[in-house]
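Colleague: The structure follows.
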Amino acid sequence: MSWANAVVQGVLLGGLFALFATGLSLAFGVMRFVNLAHGDLAVLAAFLAVSTTATFDVNPFVALLLIVPGFALGGYVMQRLVFNRVMGPDPLPSILVTFGLGVVIQNALLEHYSADSRGLDAGDIEVRSVRLTGDISIGWLPLLTLVVAVAVLVGLQLLFSRTRTGRAFRATADDPATARLMGIDDRGVYGRIMAIAFATVAVAGVFLGIRQTFGPADGPTALLFGFEAVVIGGMGSLWGTLVGGVILGVAQTVGNQVDVRYDVLSGTLYGHLIFLAVLAFRPQGLLGRRGRA
Amino acid sequence: MLDVRDLSAGYGDFQALFGVDLRVDEHETVAVIGANGAGKSTLLSAVAGLVPATGGTVRFAGEDLLAVPGHHRVGRGVALVPEGRRLFPSLTVEENLLIGGYARRPGDWHLDRVLDVFPLVRPLLRRPADLLSGGERQAVAISRALMANPRLALFDEVSLGLAPVVVHQLYAALPAIVEGGTTVLIVEQDIGQALAVADRVVCLLEGRVSLEGRPADLDRARITAAYFGAAA
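Chain order of the listed sequences is A and B.
Each residue of the first sequence is one higher than the one before, counting from 3 in the working numbering.
Each residue of the second sequence is one higher than the one before, counting from 23 in the working numbering.
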């Protein structure tokens, strides 16, 4: 793999990380809420896609049509019934509750699906690619992942900046008590934000499952990559998640290129190093605003 | 229109109001005066739903307002201009005004009419709300409340921290608001200002009503005593 190709593949990989990061970033940006079960939810979505494709004999992309609305509803209900009760000035209760949710999801998956690795078969698209130059070719699947990530972010950006609902989201993020004075039900806003967060992580999980094999214990790794993308890009900044995802992706693929001595996963180390460097020198993230993060 | 009886409220263990009675009639302008910490802002906050009441009743247009969740009160016609203005900093001025109308009642207040009352806001519409002067902020905060078409507007500390000339400008808009059919309840530390604009004045002292009356009927000595307590 050439250097240029490593960069191109990293940018494409960044699309997947951005999808993981979007929900984390939204929940943190609007309600200062950190969901430690985020990665496990992605894996749950991938397993549900396994069952859906097997039951209805459909493509995983078709399974998304069932899983994404289901996750959105689940996110809304979870926020209204559980998360809203543990939110407050002390972050510890919400961290404990979401950590616990992650443990429950992991063990439920282990119980139901066993510890075996699974994969999702999306057909031809997984192996087809278009050759750009002599040594750079772009796979359809990574390209689709990046396009979906950008589309999700553009959609959310338009929702936030152009609609009445988006204005209410931003007002609630600024000052929930004053938002209530305007007639905005902040708890309802939180429910809708978590619905979006769950929906995006479901998309991320299914794309992850098509890209590679996965097991019930893979959630924390997905969470870590999502977190790293959020921190690199800037907490609460939507476009920051894409920038963070792409930087993390490029760091990993270029890292693989630098360091081929151990195994193909050694590139993740370079992603962690970039993450640490950002945390040390620009803790608000590249696109984050100082004082808000 | 607004009938507060025996209202108690506070923050956690700290009680700020002890059995306050207050009546505001339709189309009336009432000013609540009192020293720092007398409970003026708590009174408005409890009516608007920012602070939970711990006792007593608040009836608005015949309805038990305390049974209405805070975020539904603006839709009932009660809008608060909070102490400290509390604009949404990441929204533009125009977006702040539109948010003010998020749960608006049908009525005559709309963006253009609000801007006619506060012409200084018009050139600021595209500006982020955190880049305004204190007077501009207050004008936007009042405009934002009007966008909800309130039947009762609660103004908390309109003049606090503002230059006298700015305060004068803001109060100059009051007649237009009142003539529009809005009943006004003002909290004001500036006694002179309160006496000048209000039909009736209520003074709070340490969470209790210490004086009530029409400005013409109140002399300086009584107000001073009610404001600072018997020791003054």
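Note that beta-carbon positions come from the ideal geometry of N, C-alpha and C, so glycine has one too.
Because the structure is a prediction, the values reported are computed rather than measured.
(1) So that I know if they touch, is there some Cβ in chain B lying closer than 9 Å to that of I97 of chain A?
(2) If you compare alpha carbons, which of B:I121, B:A83, B:Y33 and B:F110 is closest to V100 of chain B?
(3) Measure the Cβ-Cβ separation of V69 of chain B and V52 of chain B and say whether it is below 9 Å.
(4) Does the beta carbon of F36 of chain B come closer than 9 Å to any beta carbon on chain A?
(5) Is the segment 235-243 of chain A in contact with the segment 25-43 of chain A, if contact means three or more CB pairs nearer than 8 Å?
(6) Would you verify that the beta carbon of L113 of chain B is, or is not, closer than 9 Å to some beta carbon of chain A?
(7) Distance, Cα to Cα, R45 of chain B vs L66 of chain A?
(8) Quick check: what's the CA-CA separation for F171 of chain A versus F140 of chain B?
(9) Excluding five sequence neighbours on each side, which residues of the same chain lie with their C-beta closer than 8 Å to the C-beta of N61 of chain A?
(10) Does the beta carbon of A170 of chain A sit closer than 9 Å to a beta carbon anywhere in chain B?
(11) Please return the same chain residues whose Cβ sits closer than 7 Å to the Cβ of L15 of chain A, not counting the five positions on each side in sequence.
(12) Any chance the segment 152-165 of chain B sits against the segment 181-189 of chain B, with 3 or more Cβ pairs inside 8 Å?
(13) Keeping to the same chain, check which residues put their C-beta closer than 7 Å to that of N86 of chain A; ignore five residues upstream and five downstream.
(14) At which residue ranges does the segment 59-144 of chain B contain complete beta strand (DSSP E) runs of 3 or more residues, listed in the order of the chain?
(15) State the beta-bridge partners of A53 of chain B as determined by DSSP.
(16) Which first and last residues belong to the alpha helix (DSSP H) in which S53 of chain A is found?
(17) Between A:Y115, A:S139 and A:V64, which has its C-alpha nearest V10 of chain A's C-alpha?
(18) In the segment 24-41 of chain A, which residues sit with their C-beta less than 7 Å from some C-beta in chain B, listed in chain order?
(19) Mark H93 of chain B as exposed unless 16 or more other C-beta atoms lie within 10 angstroms of its C-beta, in which case mark it buried.
(20) What three-state label does DSSP hand D35 of chain B in the structure shown?
(21) Starting from A175 of chain B, trace the beta strand (DSSP E) both ways and give me its first and last residue.
(22) So, using beta-carbon positions, are Q211 of chain B and E234 of chain B closer together than 9 Å?
(23) Under 7 Å Cβ-Cβ, which residues of chain A neighbour R108 of chain B?
(24) For G214 of chain B, does the three-state DSSP call read helix, strand or coil?
(25) Can you give me the start and stop residues for the alpha helix (DSSP H) that R169 of chain A sits inside?
(26) What does DSSP give as the partner residues of I140 of chain A in its beta bridges?
(27) Using Cβ-Cβ distances below 8 Å, what residues of the segment 79-94 of chain A are close to chain B?
(28) Beta-carbon within less than 6 Å of G293 of chain A's beta-carbon, same chain only, minus the 5 sequence neighbours each way: which residues are those?
(29) Which class does S30 of chain B belong to by DSSP, given the choice of helix, strand or coil?
(30) What number of angstroms, rounded off, separates the C-alpha of P104 of chain B from the C-alpha of T174 of chain A?
(31) With burial defined as no fewer than 16 other Cβ atoms inside 10 Å of the residue's Cβ, what is the status of F283 of chain A: buried or exposed?
(32) Which residues does DSSP list as the beta-bridge partners of D25 of chain B?
(33) Hey, does I195 of chain A have any beta-carbon neighbour from chain B nearer than 9 Å?
(34) Using a beta-carbon distance below 9 Å, is A254 of chain B in contact with chain A?
(35) Given that a residue counts as buried once 16 or more other Cβ atoms are within 10 Å of its Cβ, and exposed if not, what is T180 of chain A?
(36) Quick one: using the 10 Å Cβ neighbour count with 16 as the cut-off for buried, is P257 of chain B buried or exposed?
Modeller: From the atom records:
(1) Contact with chain B is absent for I97 of chain A, since none of that chain's Cβ atoms lies less than 9 Å from the residue's Cβ.
(2) If we check each option's Cα against that of V100 of chain B, B:A83 comes out closest.
(3) Not a contact, by the Cβ cut-off of 9 Å.
(4) Chain A contact via Cβ: absent.
(5) Yes, they touch.
(6) With 9 Å as the cut-off, L113 of chain B counts as an interface residue toward chain A.
(7) Near 58 Å, if we compare the C-alpha coordinates of L66 of chain A and R45 of chain B.
(8) Answer to the nearest angstrom: the Cα atoms are 27 Å apart.
(9) The answer, listed in chain order, is T55, A124 and G125.
(10) Cβ-Cβ to chain B under 9 Å: yes for A170 of chain A.
(11) In chain order, P144, G251, Q254 and T255 place their CB closer than 7 Å to the CB of L15 of chain A, counting only its own chain and leaving out the 5 sequence neighbours on each side.
(12) Taking a cut-off of 8 Å for Cβ pairs, the segment 152-165 of chain B and the segment 181-189 of chain B touch, as three or more such pairs fall below it.
(13) Excluding sequence neighbours, N86 of chain A sits near R189 and Y192.
(14) Listed in chain order, they are 75-82 and 100-103.
(15) When beta bridges are read from the DSSP output, A53 of chain B appears opposite B:I208 and B:V223.
(16) DSSP places S53 of chain A inside the alpha helix (DSSP H), whose first and last residues are H40 to F58.
(17) If you compare the alpha carbons of A:Y115, A:S139 and A:V64 with that of V10 of chain A, the shortest gap goes to A:S139.
(18) Correct list: empty, as no residue qualifies.
(19) With 16 or more other Cβ atoms within 10 Å, it is buried.
(20) Looking at D35 of chain B - three-state DSSP - the assignment turns out to be coil, as it is neither helix nor strand.
(21) Membership of A175 of chain B in the beta strand (DSSP E) is indicated by the continuous run L174 to D178.
(22) No.
(23) Within 7 Å Cβ-Cβ: D177 and T180.
(24) Helix, per DSSP.
(25) Run containing R169 of chain A: R166 to D176, per the alpha helix (DSSP H) assignment.
(26) Residue pairing of I140 of chain A in beta bridges, as defined by DSSP: A:V132.
(27) Residues of the segment 79-94 of chain A whose Cβ lies closer than 8 Å to any Cβ of chain B: none.
(28) Residue placement at G293 of chain A is flagged as unreliable, the pLDDT there being 46, under the threshold of 50; the coordinate-derived value follows with that caveat. The beta carbon of G293 of chain A lies closer than 6 Å to none in the same chain, with the five residues before and after it left out.
(29) In this structure, S30 of chain B counts as strand in the three-state DSSP scheme.
(30) Those two C-alpha atoms are separated by around 16 Å.
(31) Burial call: exposed.
(32) DSSP output for D25 of chain B lists B:R45 and B:R81 as bridge partner(s).
(33) No, because no Cβ of chain B sits closer than 9 Å to the Cβ of I195 of chain A.
(34) With a pLDDT of only 47 at A254 of chain B, under the threshold of 50, the placement of this residue in the model should not be trusted, and no figure is reported.
(35) Label assigned to T180 of chain A: buried.
(36) There is simply no residue 257 of chain B to check, as chain B begins at 23 and stops at 254 in what is shown.
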